[in-house]
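I have placed the structure first, in the form of structure tokens, so that the comments after it can refer back to it.
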Amino acid sequence: MNFDRNKGEKSFVEATWGGVRNAILGATLVIGFGVLVLVTSIFSVAHGASSEVQAVNNPPVVIQKVEYYLPYPGILPDSPLYKLKAARDRLVLWFTFDEQKKAEKELLYANKRIGAAVALADGGKMDLAVSTATKAEKYLESATIRVDKLLAAGVDAKSLKMELEKATLKHKEILQRFDSF
């Protein structure tokens, strides 16, 4: 058996990584990143569970139920990785040039953030929940202004306007729940 390679052929490692040294370096970086994510997650859970909110007795508020489903919020603002998510969202908006698609993305981000605010409030992190809800409302306001400009320019965005109206009612319902905390 001849194990010698032909002079023109490269091994898989050489062809893919350029050599064993680069392959080991790449694997080390990937494993290091994984360990970093694991350690920050454990640290976040260990130190995040100590915050408690004191209950306040407020009179009951009548909340009108709105049939509008919010998307899964994903990474919450109390995560160390949240800044990456927020930066990604801003970049995606910046590179979205179609005004209607930009309004749709702003609505999506508003809905995700209001959902994150609910999750944070349920977890007892009211200060962060209020801050996140405020950011959600800024995205919702921006989407509403953008859609109104589109409608004024004669663009057919009526379905998006109707969805914005439902989303606004849902956000109002959620914000009324915050008053009861």
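Following UniProt numbering, the numbering of the sequence shown begins with 1 at its first residue and continues without gaps.
C-beta: ideal position from N, C-alpha, C; glycine also.
Look at the Cβ atom of residue 110, then the Cβ atom of residue 82, and state whether they are nearer than 8 Å.
No. Outside cutoff.
With hydrogens ignored, establish whether the beta-carbon of residue 17 is closer than 7 Å to any heavy atom of the ligand MG.
Among the ligands in the structure shown, none appear at all, so the ligand MG cannot be discussed.
Short check: CB of residue 74 to CB of residue 125, under 8 Å?
Against a cut-off of 8 Å, the Cβ pair of residue 125 and residue 74 comes out as no contact.
Taking residue 102 as the reference, give the member of 150, 171, 173 with the closest Cα.
Among 150, 171, 173, the Cα nearest to that of residue 102 is on 150.
Segment contact, 8 Å Cβ cut-off, at least three pairs: the stretch 146 to 164 with the stretch 85 to 105:
Yes: at least three Cβ pairs fall under 8 Å.
According to DSSP, simplified to helix, strand and coil, what is residue 81?
Residue 81 falls in the coil class under three-state DSSP.
Cβ shell of residue 120 (< 8 Å), same chain only, five flanking positions each side left out
Cβ within range, chain order: 76, 77, 78, 126, 128, 129, 132.
Considering residue 178, what are the terminal residues of the alpha helix (DSSP H) in which it resides?
Unbroken alpha helix (DSSP H) run through residue 178: 158 to 179.
Can you check which of these residues, 147, 66, 146, is closest to residue 174 by C-alpha distance?
The shortest C-alpha separation from residue 174 is found at 66.
Can you tell me whether DSSP reads residue 91 as helix, strand or coil?
Looking at residue 91 - three-state DSSP - the assignment turns out to be helix.
Can you have a look at residue 164 and say buried or exposed, based on whether 16 or more other CB atoms are within 10 angstroms of its CB?
With 16 or more other Cβ atoms within 10 Å, it is buried.
Spatially closest choice to residue 137 from 148, 152, 115, by CA coordinates
When the alpha-carbon of residue 137 is set against those of 148, 152, 115, the nearest one is in 115.
Since residue 143 and residue 107 should fall inside the 8 Å C-beta cutoff, what is the C-beta to C-beta distance between them, to a whole number of angstroms?
About 5 Å; that satisfies the 8 Å criterion.
Terminal residues of the continuous alpha helix (DSSP H) containing residue 98?
According to the DSSP assignment, residue 98 belongs to no alpha helix (DSSP H), since it is labelled neither H nor E.
Going along the chain, which residues of its own chain have a beta-carbon closer than 8 Å to the beta-carbon of residue 27, five neighbours each way excluded?
Closer than 8 Å at Cβ, skipping near neighbours: no residue.
What do you get for residue 9, buried or exposed, if any count of 16 or more other CB atoms within 10 angstroms of its CB means buried?
So residue 9 counts as exposed.
Buried or exposed, going by whether 16 or more other CB atoms sit within 10 Å of the CB of residue 147?
The residue is buried, with at least 16 neighbouring Cβ atoms inside 10 Å.
Please return the same chain residues whose Cβ sits closer than 6 Å to the Cβ of residue 86, not counting the five positions on each side in sequence.
Correct list: empty, nothing qualifies.
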